[in-house]
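> Below are the C-alpha cells for one structure; questions will follow.
Number of protein chains: 2
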Amino acid sequence: MKEKLVKDITSRDVDFARWYTDVCRKAELVNYSNVKGSMIIEPLGYAIWENMQKVLDKMFKETGHENVQFPMFIPESLLNVEKEHIEGFAPEVAWVTYGGNEKLEERMCVRPTSEVLFCDYYKNVIKTYRDLPKLYNQWCTIVRWEKTTRPFLRSREILWQEGHTMHRTSEEAKEETLRMFNIYKKFQEEYLALPVITGKKTEKEKFAGAEVTYTIEAMMYDGYALQNGTSHYFGDHFAKAFDIKFQDEDNTLKTPFQTSWGVSTRMIGGLIMTHSDDHGLVLPPKIAPYKVIIIPIGDVSKKLEDLKSKLNDKGITFKSDESKKSPGFKFAEAEVKGYPIRIELGKRDLENNKVTLVRRDTLEKITILYDDIIIEIEKLLETIQNDMFNRAKKRRDSMIYEANSYEELLEIAKNKKGFIKINWCGNSACEDKIKEDTAFKSRCLIENEKVTGCCPVCGKKATTRIYIGKQY
Amino acid sequence: MKEKLVKDITSRDVDFARWYTDVCRKAELVNYSNVKGSMIIEPLGYAIWENMQKVLDKMFKETGHENVQFPMFIPESLLNVEKEHIEGFAPEVAWVTYGGNEKLEERMCVRPTSEVLFCDYYKNVIKTYRDLPKLYNQWCTIVRWEKTTRPFLRSREILWQEGHTMHRTSEEAKEETLRMFNIYKKFQEEYLALPVITGKKTEKEKFAGAEVTYTIEAMMYDGYALQNGTSHYFGDHFAKAFDIKFQDEDNTLKTPFQTSWGVSTRMIGGLIMTHSDDHGLVLPPKIAPYKVIIIPIGDVSKKLEDLKSKLNDKGITFKSDESKKSPGFKFAEAEVKGYPIRIELGKRDLENNKVTLVRRDTLEKITILYDDIIIEIEKLLETIQNDMFNRAKKRRDSMIYEANSYEELLEIAKNKKGFIKINWCGNSACEDKIKEDTAFKSRCLIENEKVTGCCPVCGKKATTRIYIGKQY
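Order-wise, the sequence lines are chains A and B. FYI, the numbering for the first sequence is 948 to 1419, going by the working numbering. FYI, the numbering for the second sequence is 948 to 1419, going by the working numbering.
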C-alpha cells in the first residue's frame, strides 16, 4: 500500500511540473473545480493559509495596521483614473455587465488589486495631517483572468492580503515600504524556512503605477524563481491622480505619499516547490497545521490517551490515525500529508519505555525514551525548522552563478538551473535582449555589491548588479 | 464639543432609520463608497467582525468542521442544475460576461451562495460511506444585486460564512442542522447579548431548495425583525439533482443528505439596532474589540503606565486617548464608539487613590479604589454583558403581542411595534393575506406551545402557532 501511494507521485527529478500537481492533489491541498481557472482549496491547504494569516496579521497589527474591507467591484471609470495602472490591469480583469436581468449602466470589474478603491476613499477621509498616516490592510480575494493556471501559482482567483497606506511625507512612506518588505522577509525565512533573495525590481518589472517595487524572490527546487511578495512605494502618483490633499501643520495643502504591499496563497506553492519531495508534502513545523501525527501500532490505548493529553497540555497540535488501515499505509499517508513528526507508538517499543519518532524532512527514525517524548518533540521541531532552512539555503546558494560575459551568460542559462548574477547598465533594452535569448528575466537589483566592469549585453559601463532567472 | 457630536446623531425615537445610519457613520463602522451598493467596512466595524469570526470559527472547529475555500464564480449551467434554487437566486446575481477583452463562452455569476459549487465537488470526492460526513465551512464574500441597500443589513456584497455538509443518513443531517442552529443561538445570546426567537420557517419563507429552514430572529429596537442566521436541512434534494452517490457499508449505492448554514455581517446591524442609543454605539463586552478606553485627565503619566501594564497582564484590550482634545470631547467620542467601560484617570481622584469608571450601557459613573481597578473592571464587564441581554430581553418581551382574532391582529399591527403570536392553519394563502393587509410576515413556527382554536384569517382549525412581524 505504501508503495502505491508513493508511486502515484511522479518523481520531481523526472517531471517537476507533474510532481508539483501530484503533491498538491495527493496531499489534498487543492482540488480542481468545474469553474475554469478557479481551484478549490481543501482543508489542509486552507489550514496552512490560516496559519500564514495568523502570523502575518499579528505582525501587521503590531506595527500599527488595521484591517478593513473594501468593495470587490471597481467601476470602469474609477479603474481608468491612473493611466499606467489601467494599462497594466485592463487585459486581465473580469467584467460584470449585468445585475440580475438588467444591463449595468457602467460595467464593473472584479478587483485585480485595490489601489484605486483605497485612493477614492482616502480622498474623502484625509483632510488634515491629523488624519495621517492611514495604515490599512485587507484580507480578500482578487481576480485576474489568467489563460493558463496552476494551483497556488497562477489562478484566476487569488487569496491575499493587500496593505494600502498613506503618509504625510515621502520619507515616512519609504520607511513603511521597507518595514513591510522586511516583515515579509522575516516571515518567509523564519516561518516558511524559505531563504529569499530580496531587492528592488527594475523599472521594467515594477508594479504598474509604482515608483519603487521591492520584491521577495524565492528559488524553487527546479531553479525557477517565484516572486513571493512585493512592497511598493508610489510616491504621490496616485494621490495626485485622485486629487488627495491634506492641510499640513503649516496650514498649506499638501499631497500625501502612498505604499501598498501584498502576499498571497502563492506562498503555499513556494513552500511546496522548495521543501517537498517524492514522498509528498514537507512542511516547516512553524507553519504546519498539525506538528505531529500519532500512529498507534497494536493495542496501546492507555499510552495513546496519555500522549494526547501531554501534547494538548503543551499546545502541540496533532492528529492521531486510529483507522483500520495498515501501519505501512498510514506511514505513507502521513508522509504525503507532510506532518513534521510521525510518532510510531508501538506496543513492543512501549514495553521497553521506548517510542519511535520519524522526521518527515529526512525520514530519519529516532528511538527515544517515552518519558522524554515532549521535550524530544519540542527539540526536534526546532531542529527540523532550522535544518529545512539551511538545506534550502545551501541548495539555493549552489544554484547561483555569476556570468562576466554574454557568452558565459548564455552558456549558464542553457546548461544550469538557477539564478545568474550579472552586471547591468540599467538599460531595459539589455533586459529584453537577455529575455529573448534565454527566457531569463531580471529578478531584482543587488544592493551592497561593488560594481565594476561592463554590462555583458551592450558592453557599456555597469551601474548595478542584478539577479536574473526564469520565473513562475 | 460633546454637544456637537451627540447632536450629529439623530434621536432613535425621532427617526430610527436615520439614527441607524448616523451611528454606523459616527462610530466609524462603515463608510460609503463610489461603488454603488457596496460599502467600506472601516477598522472598528471590521474588528467587530473579526471577533465574531474568532468565536464562531472556534465553535465550528470544536464540532469537527474544517475550513475550505471554493471558487467565487458559478457558471450559468451549474447554477441551473437545481430548479428551485436558480429561480430563487437568478434575479439577483451579478453576471461576469467578459474576461479581459474576450467575451466568455458561458457567463458566470458571482456566488450568491455556494450550494451548487459544493455539490459539484462532493459529487467527485464522495465515493463510499468512509468519505462521510463532509463537514466544510468557508468564510467569504457573496454578492446579491440588491436595488436598495443599507449598511450591514442589505448590501450587494455580504461577508459571511457558509457551512455545507453531507451525511450518510437523514437523521445525521437533521442533527447537524440543529447543532449549528443551536451554535448560532448560543453565540448570539451569550456573545452578542441578543435575545433571539428561533424556530422553523414556513414553507413560503424557507430557503430556495431547502426542505426545512431554521431561523434566528432578533427583534430590533423599532420592533422590526432581523433574520440573523439560518440553518437548512436539504434532505437529498440537491444530492439527487447532482447525482451524488456513495457506496454504503452494505455495498448498495445511496444518496447522501445535506445541510447548509450561514451567518453574516448582518449581525453587526442587529447588534446596533438592539443595543445602541442616542449617544452612539453600545457594544456587549464579549464582542467589543476594546473593552476599555482610558482617558487621562491632567498629568497622570505614571499611573497611566501602571494601568496599561495591569490591563495588558490580564489580557483586557484597551485604547488610551492621549490626544490634546478636551476631556468632554473625548468622553463623547468614547461614547460614540461604544467602549463598554470608560476609565477617567484623573489627577485629583488619584490623589485619594480613586478612579472613575463609566459604564457605556447606562452611562452610570462608579468611583472605586484604584487598587481594585482590575477586579472591578472584570466584574463590571460581566455585569454589563448580562444587563445588556436582560434589558434587551425585557424590551423584546414587552413588544410581543397575542392576537386571537383577525380584527385584533389588524389592530395590533396598526398601533404597536413588535411581533404578534397567532394561530395558523398552515395555509400560505393566509400568510399572504396578512402580509398584504399589514406588511407583517411570518417569522417562524412556535414549538412547545399548545395549539387550540382557529386560524384568525380563514377560521379553519389551527395546526400551529407562529410569530409574525415586519422585517428588515
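Every residue, glycine too, gets a C-beta built ideally from N, C-alpha and C.
Give the straight-line distance between the Cα atoms of residue 948 of chain A and residue 1275 of chain A, rounded to the nearest whole angstrom.
For the purposes of this step, residue 948 of chain A is taken as the residue at position 1 of the first sequence. For the purposes of this step, residue 1275 of chain A is taken as the residue at position 328 of the first sequence. Reliability of the predicted coordinates at residue 948 of chain A is poor, the pLDDT of 45 falling under 50, and the value obtained from them is presented with this limitation in mind. So the alpha carbons of these two residues sit roughly 7 angstroms apart.
> Distance, Cα to Cα, residue 1288 of chain A vs residue 1278 of chain A?
Counting from one through the first sequence, the residue named residue 1288 of chain A turns up at place 341. Counting from one through the first sequence, the residue named residue 1278 of chain A turns up at place 331. The alpha-carbon atoms of residue 1288 of chain A and residue 1278 of chain A are separated by roughly 11 angstroms.
> Output needed for residue 1418 of chain A: all residues of its chain with C-beta closer than 8 angstroms, excluding positions within five of it in sequence on either side, in chain order.
Position 471 of the first sequence, counted from the start, is the residue given in the question as residue 1418 of chain A. Contacts found: 1171, 1172, 1173, 1174, 1388 and 1390.
> Identify whether residue 969 of chain B lies in helix, strand or coil by the three-state DSSP scheme.
Stepping through the second sequence from its first residue, residue 969 of chain B is reached at position 22. Residue 969 of chain B: helix per DSSP, three-state reduction.
> Check residue 1293 of chain A in the structure and name its three-state DSSP category.
One-based indexing of the first sequence puts residue 1293 of chain A at position 346. The answer is strand: DSSP assigns residue 1293 of chain A an E or B state.
> Within 8 angstroms, do at least three Cβ pairs link the stretch 1311 to 1330 of chain B to the stretch 1257 to 1270 of chain B?
Yes: the two stretches touch, three or more of their Cβ pairs being nearer than 8 angstroms.
> Output the boundary residues of the alpha helix (DSSP H) element that contains residue 1362 of chain A.
Here residue 1362 of chain A refers to the residue found at position 415 of the first sequence. Residues 1353 to 1362.
> Taking residue 1039 of chain B and residue 1091 of chain B to be in contact with their CB atoms under 8 angstroms, please state how far apart those CB atoms are, rounded to whole angstroms.
Here residue 1039 of chain B corresponds to residue number 92 of the second sequence, with the count starting at 1. Here residue 1091 of chain B corresponds to residue number 144 of the second sequence, with the count starting at 1. With a Cβ gap of about 5 angstroms, residue 1039 of chain B and residue 1091 of chain B count as contacting.
> Which residues in chain B sit within 9 angstroms of residue 1025 of chain A, going by Cβ to Cβ distance?
Residue mapping note: residue 1025 of chain A aligns to position 78 of the first sequence, counting from 1. By Cβ distance, chain B contributes 981 and 982.
> Residues in the stretch 1189 to 1217 of chain B with C-beta within 7 angstroms of chain A's C-beta atoms, listed in sequence order?
Listed by position along the chain: nothing, the set is empty.
> My output table needs one value for residue 948 of chain A: the three-state DSSP class, helix, strand or coil.
Within the first sequence, numbered from 1, the residue matching residue 948 of chain A stands at position 1. Residue confidence for residue 948 of chain A is low, a pLDDT of 45 falling below 50, so the modelled location carries little weight; the figure read from the coordinates is stated next. Of the three classes helix, strand and coil, the one that applies to residue 948 of chain A here is coil, per DSSP.
> Closer than 9 angstroms between beta carbons: that is the criterion. Which residues of the stretch 1288 to 1305 of chain B meet it against chain A?
Cβ contacts with chain A: none found.
> What beta strand (DSSP E) runs, 3 residues minimum, are completely inside the stretch 1368 to 1410 of chain A?
Counting whole runs of 3 or more residues, the stretch 1368 to 1410 of chain A contains the beta strand (DSSP E) stretches 1388 to 1393.
> Is the beta carbon of residue 1017 of chain A closer than 8 angstroms to that of residue 1064 of chain A?
By one-based count along the first sequence, residue 1064 of chain A stands at place 117. By one-based count along the first sequence, residue 1017 of chain A stands at place 70. Yes, they are a contact pair.
> Answer yes or no: do residue 943 of chain A and residue 1340 of chain A have a C-beta to C-beta separation smaller than 8 angstroms?
Residue 943 of chain A lies beyond the residue range present for chain A, which begins at 948 and ends at 1419; the question has no answer from this structure.
> If you compare alpha carbons, which of B:1300, B:1029, B:1215 and B:970 is closest to residue 1100 of chain B?
Counting from one through the second sequence, the residue named residue 1100 of chain B turns up at place 153. Taking only the C-alpha atoms, the option nearest residue 1100 of chain B is B:1215.
> In three-state DSSP terms, what is residue 1017 of chain A?
If you number the first sequence from 1, residue 1017 of chain A lands on position 70. In the structure shown, residue 1017 of chain A sits in coil (DSSP, three-state: anything other than H, G, I, E or B).
> Beta-carbon separation of residue 1370 of chain B and residue 1405 of chain B under 8 angstroms?
Translated into the one-based positions of the second sequence, residue 1370 of chain B becomes position 423. Translated into the one-based positions of the second sequence, residue 1405 of chain B becomes position 458. The answer is no: Cβ separation not under 8 angstroms.
> For residue 1309 of chain B, name the three-state secondary structure that DSSP assigns.
In the second sequence, the residue the question calls residue 1309 of chain B occupies position 362. Coil, per DSSP.
> If you count every other CB in all the chains shown that lies within 10 Å of the CB of residue 1300 of chain A, and 16 or more means buried, which is it?
On the first sequence, residue 1300 of chain A is found 353 positions in, with the first residue counted as 1. So residue 1300 of chain A counts as exposed.
> Using the beta-carbon of each residue, which ones in chain A are nearer than 8 angstroms to residue 1014 of chain B?
Within the second sequence, numbered from 1, the residue matching residue 1014 of chain B stands at position 67. Residues of chain A passing the Cβ test: 990, 993, 994 and 997.
> How would you call residue 1400 of chain B, buried or exposed, if buried means at least 16 neighbouring beta carbons within 10 angstroms?
Start at 1 with the first residue of the second sequence, and residue 1400 of chain B comes out as number 453. Exposed, since its Cβ has fewer than 16 Cβ neighbours within 10 Å.
> Please report how far the alpha carbon of residue 1345 of chain A lies from the alpha carbon of residue 1265 of chain B, in whole angstroms.
Here residue 1345 of chain A refers to the residue found at position 398 when the first sequence is read from its first residue. Here residue 1265 of chain B refers to the residue found at position 318 when the second sequence is read from its first residue. About 50 angstroms.
> Using a beta-carbon distance cut-off of less than 7 angstroms, what residues from the stretch 955 to 987 of chain A approach chain B?
Residues passing the 7 angstroms Cβ filter: 978, 980, 981, 982, 985 and 987.
> Kindly list, in the order they appear in chain A, the residues whose Cβ is closer than 7 angstroms to that of residue 1039 of chain B.
Counting from one through the second sequence, the residue named residue 1039 of chain B turns up at place 92. Residues of chain A passing the Cβ test: 1047.
> Select from the stretch 1062 to 1083 of chain A all residues with a C-beta closer than 8 angstroms to any C-beta belonging to chain B, and list them in chain order.
Result list: 1064, 1067, 1068, 1071, 1072 and 1083.
> On the DSSP letters alone, give me the boundaries of the alpha helix (DSSP H) that residue 1118 of chain B sits inside.
Position 171 of the second sequence, counted from the start, is the residue given in the question as residue 1118 of chain B. That run of the alpha helix (DSSP H) goes 1117 to 1137.
> Taking Cβ to Cβ, would you say residue 1206 of chain A is nearer than 8 angstroms to residue 1192 of chain A?
Sequence index remark: in the first sequence, residue 1206 of chain A carries index 259 (1-based). Sequence index remark: in the first sequence, residue 1192 of chain A carries index 245 (1-based). No, they are not a contact pair.
> Less than 8 angstroms between C-beta atoms, sequence neighbours within five positions excluded: which residues of the same chain meet that for residue 1393 of chain B?
The residue you call residue 1393 of chain B lines up with position 446 of the second sequence. These residues qualify, in order along the chain: 1146, 1368, 1411, 1412, 1413 and 1414.
> Determine, using beta-carbon pairs with one atom in the stretch 1153 to 1173 of chain B and one in the stretch 1356 to 1365 of chain B, whether at least three such pairs fall under 8 angstroms.
Yes: at least three Cβ pairs fall under 8 angstroms.
> Find out if the Cβ-Cβ distance for the pair residue 1059 of chain A, residue 986 of chain A is shorter than 8 angstroms.
Reading the first sequence from its first residue, position 112 is the one you call residue 1059 of chain A. Reading the first sequence from its first residue, position 39 is the one you call residue 986 of chain A. Not in contact: residue 1059 of chain A and residue 986 of chain A (Cβ atoms no closer than 8 angstroms).
> Taking residue 1041 of chain A as part of the beta strand (DSSP E), name the residues at either end of that continuous run.
Along the first sequence, one-based indexing puts residue 1041 of chain A at 94. Note, residue 1041 of chain A: beta strand (DSSP E), 1041 to 1046.
> Expressed to the nearest angstrom, what Euclidean distance is found between the alpha-carbon atoms of residue 1035 of chain B and residue 1151 of chain B?
Here residue 1035 of chain B is taken as the residue at index 88 of the second sequence, counted from 1. Here residue 1151 of chain B is taken as the residue at index 204 of the second sequence, counted from 1. Between residue 1035 of chain B and residue 1151 of chain B, the C-alpha separation is close to 12 angstroms.
> Am I right that residue 1117 of chain B and residue 1204 of chain B are in contact with their C-beta atoms under 8 angstroms? What's the rounded C-beta distance?
Within the second sequence, numbered from 1, the residue matching residue 1117 of chain B stands at position 170. Within the second sequence, numbered from 1, the residue matching residue 1204 of chain B stands at position 257. Right, their Cβ atoms sit about 5 angstroms apart.
> Looking at chain A, which residues of the stretch 1102 to 1121 of chain B have a Cβ within less than 9 angstroms of any of its Cβ atoms?
The residues in question are 1103, 1104 and 1106.
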